[in-house]
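Remarks on the structure that follows.
In my numbering, the protein residues as written are 100 to 349.
Structure below.
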């Protein structure tokens with residue numbers, strides 16, 4: 100365990116491999132898979148997890164670990180398959196229902212809606228579920244239900260970051276409806292630091308829709324500053340905002 104915490108993955112692989120020989124438990128198996136993953140031995144990790152699941156097909160923890168590994172590599176189809184195997188054993192597992200809904204919302208929108216609604220029945224106040232359900236409604240053109248879900252999550256969600264994400268999506272929906280003033284109001288309060296770039300970018304879009312070009316430029320510049328880090332997707336977002344800024348500046 101200490102070797103995993105300190106990122107000494109090669110040592111962890113050796114120690115956990117020996118431990119598994121004496122005590123083949125799910126927790127140790129998941130940690131062993133992590134030790135392989137940490138060394139970028141993705142193929143070895145997948146082979147190990149699949150062998151383990153062949154011998155332990157009801158190991159929900161390992162199935163979830165496998166699904167997460169597929170997600171990390173953007174292997175959506177494989178991730179959905181793993182989550183569905185969890186649901187075969189635990190039909191009311193809310194995180195799996197929610198993840199299946201989110202991941203399949205474009206490829207199988209009707210199935211996604213059914214999964215999201217079931218997750219919402221089981222966990223009506225879960226902000227992750229509300230966010231997924233709202234996005235599915237939005238993408239299906241059902242703006243009334245989308246707005247209802249997002250308003251609840253933005254106002255009453257337990258987690259500050261998730262409330263901010265809900266506000267961001269709600270403002271996007273309002274702008275889509277042509278209600279730019281309402282959208283701007285949603286963006287008035289500063290979000291969590293990790294979301295400042297996205298909030299500033301959308302604020303620029305809203306201000307531009309209101310004909311306030313000078314303020315939009317300021318917002319887009321703030322968005323560039325907000326995407327200055329090395330977070331995943333930051334470089335792409337900087338380029339998108341840069342194009343918007345150049346268009347506004349003429």
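Don't be surprised by glycine CBs; every beta carbon is placed ideally from N, CA and C.
Every value quoted in this text rests on a predicted model; they were computed, and no experiment measured them.
Exercise. Where residue 173 and residue 138 are concerned, what is the direct C-alpha to C-alpha distance, given to the nearest angstrom?
Worked result: Position 74 of the chain shown, counted from the first residue, corresponds to residue 173. Position 39 of the chain shown, counted from the first residue, corresponds to residue 138. Approximately 19 angstroms between the Cα atoms of the pair.
Exercise. On the three-state DSSP scale, how would you describe residue 164?
Worked result: For the purposes of this step, residue 164 is identified with residue 65 of the chain shown, where counting begins at 1. Three-state DSSP puts residue 164 in a helix.
For this session: Please check the pair residue 315 and residue 323, which I expect to be a contact at CB under 8 angstroms, by giving their CB distance rounded to whole angstroms.
Result: Residue 315 sits at position 216 when you count from the first residue of the chain shown. Residue 323 sits at position 224 when you count from the first residue of the chain shown. At roughly 13 angstroms, the Cβ-Cβ gap does not stay under 8 angstroms, so residue 315 and residue 323 are not in contact.
For this session: Look at residue 253 and residue 269 and say whether their C-beta atoms are less than 7 angstroms apart.
Result: By 1-based counting over the chain shown, the position of residue 253 is 154. By 1-based counting over the chain shown, the position of residue 269 is 170. Cβ atoms of residue 253 and residue 269: closer than 7 angstroms.
For this session: Spatial neighbours of residue 249 within its chain, please: CB distance less than 6 angstroms, with the 5 preceding and 5 following residues excluded, ordered by chain position.
Result: Within the chain shown, numbered from 1, the residue matching residue 249 stands at position 150. The residues are 233, 265, 268 and 269.
Exercise. Out of 293, 304, 335 and 108, which has the shortest C-alpha to C-alpha gap to residue 272?
Worked result: For the purposes of this step, residue 272 is identified with residue 173 of the chain shown, where counting begins at 1. Here the closest residue by C-alpha is 304.
Exercise. Unbroken alpha helix (DSSP H) runs of length 4 or more, entirely within the segment 204 to 237: which are they?
Worked result: 208 to 221
Exercise. Three-state secondary structure (DSSP) at residue 176?
Worked result: By 1-based counting over the chain shown, the position of residue 176 is 77. It is helical.
Exercise. For residue 199, which of 220, 188, 142 and 176 has the nearest alpha-carbon?
Worked result: Within the chain shown, numbered from 1, the residue matching residue 199 stands at position 100. Nearest option by C-alpha distance: 176.
Exercise. Can you tell which of 309, 332, 338 and 310 has its C-alpha closest to the C-alpha of residue 320?
Worked result: One-based indexing of the chain shown puts residue 320 at position 221. Minimum Cα distance to residue 320 is reached at 338.
For this session: From the DSSP output, in three-state form, read off residue 134 for me.
Result: Position 35 of the chain shown, counting from 1, holds the residue named residue 134. Helix.
Exercise. What residue range is occupied by the uninterrupted alpha helix (DSSP H) comprising residue 308?
Worked result: In the chain shown, counting from the first residue as 1, residue 308 sits at position 209. 295 to 308 is the span of the alpha helix (DSSP H), which, as asked, contains residue 308.
Problem set entry | contact_flag[the segment 238 to 245, the segment 219 to 228] where n(CB pairs < 8 angstroms) is 3 or more | no
Problem set entry | Cut-off 7 angstroms between Cβ atoms - residues of its own chain near residue 301, not counting five sequence neighbours on either side | Here the question's residue 301 lines up with position 202 in the chain shown. Taken in chain order, the residues that qualify are 267, 270, 271 and 286.
Exercise. Is residue 162 near residue 193, with beta carbons less than 7 angstroms apart?
Worked result: The residue you call residue 162 lines up with position 63 of the chain shown. The residue you call residue 193 lines up with position 94 of the chain shown. Contact: no.
Problem set entry | Beta-carbon proximity list for residue 325, same chain, < 7 angstroms, skipping 5 on both sides | Start at 1 with the first residue of the chain shown, and residue 325 comes out as number 226. Within the same chain, residue 325 has close Cβ partners 295, 296 and 299.
Exercise. Hey, out of 261, 263 and 309, whose CA is closest to residue 277's CA?
Worked result: Along the chain shown, read from residue 1 onward, the residue named residue 277 stands at position 178. Nearest option by C-alpha distance: 309.
Exercise. Is it right to say residue 150 is buried, meaning 16 or more other beta carbons lie within 10 angstroms of its own, or is it exposed?
Worked result: Within the chain shown, residue 150 is the residue found at index 51, counting from 1. Exposed, because fewer than 16 other Cβ atoms sit within 10 Å of the Cβ of residue 150.
Exercise. Assuming residue 115 contacts residue 127 under a Cβ cut-off of 8 angstroms, what Cβ separation, rounded to an integer in Å, is found between them?
Worked result: Counting from 1 along the chain shown, the entry for residue 115 is found at position 16. Counting from 1 along the chain shown, the entry for residue 127 is found at position 28. Confirmed, about 6 angstroms.
Exercise. Between the Cα of residue 385 and the Cα atoms of 311, 179, 217 and 206, which residue gives the shortest distance?
Worked result: Within the shown structure, residues of the chain are numbered from 100 to 349, placing residue 385 beyond reach of any answer.
Exercise. Terminal residues of the continuous alpha helix (DSSP H) containing residue 266?
Worked result: Along the chain shown, read from residue 1 onward, the residue named residue 266 stands at position 167. Its alpha helix (DSSP H) spans residues 259 to 275.
Problem set entry | Contacts around residue 178, its chain only, beta-carbon distance under 7 angstroms, and the 5 residues preceding and following it disregarded | As a position in the chain shown, residue 178 is number 79, starting the count at 1. If we look at residue 178 and ignore the five residues flanking it on each side, its Cβ neighbours are 166, 169, 170 and 202.
For this session: Report the rounded CA-to-CA distance for residue 211 versus residue 130, giving the unit in angstroms.
Result: Residue 211 sits at position 112 when you count from the first residue of the chain shown. Residue 130 sits at position 31 when you count from the first residue of the chain shown. Going by the C-alpha atoms only, they are around 31 angstroms apart.
Exercise. Thinking just about the alpha-carbon of each residue, which of 275, 261 and 279 is nearest to the one in residue 292?
Worked result: By one-based count along the chain shown, residue 292 stands at place 193. For residue 292, the nearest C-alpha among the options comes from 261.
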